[in-house]
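Residue numbers (the working numbering): 30 to 384. Comments concern the structure below.
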Ligand code: GLY
């Protein structure tokens, strides 16, 4: 069974997200008819057969390196030069097959090449399927910080083929649950705020309903994210709620030199956001305990790795690009999950101590 969720955007634009085992069978229907060439952007470690993506066109594979050090403008230049030498035109298509790094880089290169060509994302990780590949955020890093140069460039379609997850290392899959737990806490906010603008269209199940097949849980998260993106494509408000748990997560990723997986950092960040919500009088101790119970049951980390300097973490949190006005966090509270500005340093320290 393939579940299709549409991401409706302004101006009558929309694109489908296909979710399910063998969802790749749906690619033929979303590949632009104008495309004569298919540039498959992926990594050497991802076992794929490029002919799967050609579908009667000429296909070539373009490998990018593994790890954050390759998420650079120089990788974008290398890709665009190779596409140009191959004769890629603005009618051709990029298919980005991999985790968040590949879809971010492939998406940004597609956004720049010939001032923008079509891209289809084929996320191969749980994190990619429920977050990175949906919503059109693309970016690369600068030495000065993560994702500092990028573009909103919506894909033509997204194919979440869950057979990729069967070969994903267990630790990588577990890390994806950090983001999935985020959707559990976001769901009431999205229902209340996005729901009146646009119904959350997709399977009506809880993201954490383990009685549901994995693809239905993934499709639920996609539907929640699609509703948020549809309501606020360029993050002028609501979309920031997707960053629940991410302020400490980004600081931890930088402080550990990206040794923590993103979803692990988000899990720790969710506990911190809950403790900070408690310290600022926004949520109860029971709500904090709910965060701990859910993340603990999935064997996700709940405190920063030992040896990290607390004051460095606080400085890094202050530099997070979501910090618009003093120290800004996305916190749970009586009105759901929302952006909170001007959080006091003392509360930030107290919440770290509580971890
Ligand atoms: N990953 C957060 C967003 O797409 O807005």
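Ideal Cβ positions, reconstructed from N, Cα and C, are used throughout, including at glycine.
Here residue 360 is bridged, per DSSP, to 367. Fewer than three Cβ pairs drawn from the segment 313-326 and the segment 258-270 lie within less than 8 angstroms of each other, which leaves the two stretches out of contact. Within the same chain, Cβ atoms closer than 7 angstroms to the Cβ of residue 324 are found at 210, 296, 299, 300, 331, the five residues on either side in sequence being excluded. The segment 142-151 makes contact with the segment 106-124; the number of CB pairs closer than 8 angstroms reaches 3 or more.
Under the DSSP assignment, residue 123 falls outside any alpha helix (DSSP H), being part of the beta strand (DSSP E) whose first and last residues are 122-127. Beta-bridge partners of residue 71 (DSSP): 92.
DSSP places residue 166 in the strand class (E or B) of the three-state scheme. Across the structure, residue 194 and residue 166 are spaced so that their CA atoms are roughly 23 angstroms apart. In the three-state reduction of the DSSP assignment, residue 33 falls in the strand class, which pools E and B. Annotation for residue 277 indicates a beta carbon at 7 angstroms or more from all heavy atoms of ligand 1. In this structure, the CA atom of residue 155 is about 17 angstroms from the CA atom of residue 74. Annotation for residue 61: 120, 122, 147, 185 place their beta carbon closer than 8 angstroms to its own, counting only its chain and skipping 5 residues before and after. Proximity of the beta carbon of residue 299 to ligand 1 is not indicated: no heavy atom of the ligand is located closer than 7 angstroms. Bridge pairing for residue 66: 87 [DSSP]. Taken atom to atom, the span from the alpha-carbon of residue 145 to that of residue 333 is near 40 angstroms. Judged by the Cβ position, residue 271 qualifies as a neighbour of ligand 1 at the 7 angstroms threshold, a heavy atom of the ligand being closer than this. Taking non-hydrogen atoms of ligand 1 into account, the C-beta of residue 262 is found less than 7 angstroms away from none of them. A direct Cα-Cα distance of roughly 18 angstroms separates residue 240 from residue 202. The Cβ neighbour count for residue 68, taken over all protein chains shown within 10 Å, is at least 16; the residue is labelled buried.
Per DSSP, the continuous beta strand (DSSP E) segment holding residue 45 begins and ends at 43-49.
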